[in-house]
Amino acid sequence: MPLSSDVEQGLQIGSDSAESAVKQVVGARIKQAGMRWNAERAEAIAHFRASILSDRWDDMWENFTPPPRQYQRQEILVGA
Numbered sequence: 001m002p003l004s005s006d007v008e009q010g011l012q013i014g015s016d017s018a019e020s021a022v023k024q025v026v027g028a029r030i031k032q033a034g035m036r037w038n039a040e041r042a043e044a045i046a047h048f049r050a051s052i053l054s055d056r057w058d059d060m061w062e063n064f065t066p067p068p069r070q071y072q073r074q075e076i077l078v079g080a
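In this text, residue positions in the sequence shown follow our numbering: the first is 1, and each later residue adds one.
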């Protein structure tokens with residue numbers, strides 16, 4: 001579809017709305033002072049925030065499967 005057709009239909013042709021969405025979803029939660037995230041957890045928070053902001057919270061929980069937990073056992077030395 002030619003660009004002029006998009007403009008005539010009043011469709012957005014820039015990235016402003018996408019950039020704004022990223023600021024709302026990611027920046028509002030992940031970039032707060034003192035916050036540190038690994039990529040996997042940051043992505044999970046972004047999914048949660050997106051589902052809240054798009055009024056799809058209930059739908060998200062219907063399809064949610066928690067990841068398997070990985071525990072690190074620490075040996076406790078008694079009387080050492």
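We put the beta carbon where it would ideally sit given N, CA and C, even for glycine.
CB contact flag (residue i, residue j, <9 Å)
i, j, result
"W57", "I45", "no"
"R49", "A28", "yes"
"L53", "Q32", "no"
"V22", "A42", "no"
Continuous alpha helix (DSSP H) stretch holding residue i: start and end
i, result
"S17", "D16 to V22"
"W57", "W57 to E62"
"R73", "Counting along the chain, R73 falls outside any alpha helix (DSSP H), and DSSP gives it neither H nor E."
"L11", "That residue, L11, is in no alpha helix (DSSP H); it is neither H nor E in DSSP."
"R49", "A39 to L53"
Residue i versus the options, residue with shortest Cα-Cα distance
i, options, result
"I30", "H47, D16 and T65", "H47"
"W61", "P68, S51 and P67", "S51"
"E40", "G14, D55 and P67", "P67"
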